Structure formats: C-alpha cells, structure tokens
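Residue numbers (UniProt numbering): 1 to 125. Ideal Cβ placement from N, Cα and C applies to all residues, glycine included. If you're wondering where the values come from, they're calculated on a predicted model, not measured in any experiment. Here is the structure we will look at.
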C-alpha cells in the first residue's frame, strides 16, 4: 500500500510525480529545487539561498509526513557545478547535526528549470 504526501508548504510538483510517497515505513521525498512554494518563483540569489530553500521545502514535506530530518537515512544532492559543494554542504550541515544519513553528491549537466541544486531524501518512520 502506498500513501501520497502533499503539502502547500512546499512547491507543487511540476510534472507527473508526488512530493513524497510512503511505502511501508519508508518515505521517499522527490527531488526539491529552489522554488518558493508561496509564489512559485525560483530563488536565484545565490547557491546558499537556493540550498536553504531546497532544505526548507524538504522540511515541509517531512513535517507533512509526520517526521523530521532525524528520520532521513539517505540523501542525494545534484549540483550543476561541484564548485558549489562547500557552500551547499555548509547549509546542509545545519539541518543534519548528528546521526548523519548516507549521501551522494554528483555534478550533472542540467537540472529542471535551469536551477543549480536539487536534493532528494529517503526517510523512515
């Protein structure tokens, strides 16, 4: 049985997918980009601001699922420039302070809407 998670506190999907799905005890959060959920506008004021908004969007989805960052077991970070890794990692580190999840960070040639960062997570309830 699968449960769909959606919240108005994170951007609406821009394609045929859900913000998150729950399967058993696992919560799979779709990749989040720096879209402001209130305005639908992209944040492009700098990689740190973009990373904060991505993490806040993830936080809103996790909250809707009844969990938080302490429940995250795996993250995937996609960057269009690995030169931004340090700044994104600095922001990321403010959301995960102990019991760090497994993670990979990869550079990709492009991301949806031309953004610089996208992050997805897997969590357990």
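Here the C-alpha atom of residue 76 lies approximately 11 Å from the C-alpha atom of residue 117. Here residue 1 carries a coil assignment [DSSP, helix/strand/coil]. Residue 2 counts as exposed, since fewer than 16 other C-beta atoms from the protein chains shown sit within 10 angstroms of its C-beta. Closest option to residue 105, judged by alpha-carbon separation, among 125, 124, 74, 115: 74. Secondary structure at residue 102: strand, using DSSP grouped into helix, strand and coil. Closest in alpha carbon position to residue 83, among 53, 67, 47, is 47. Counted as a single uninterrupted DSSP element, the beta strand (DSSP E) harbouring residue 79 occupies residues 72-79.
Contact between the stretch 48-65 and the stretch 28-38 is present: three or more C-beta pairs spanning the two stretches fall below 8 Å. Nearest neighbour of residue 103 by Cα position, chosen from 14, 120, 42, 24, turns out to be 120.
The beta carbons of residue 71 and residue 123 sit about 4 Å from each other, so the pair counts as a contact at 8 Å. Closest in alpha carbon position to residue 101, among 81, 69, 91, is 69.
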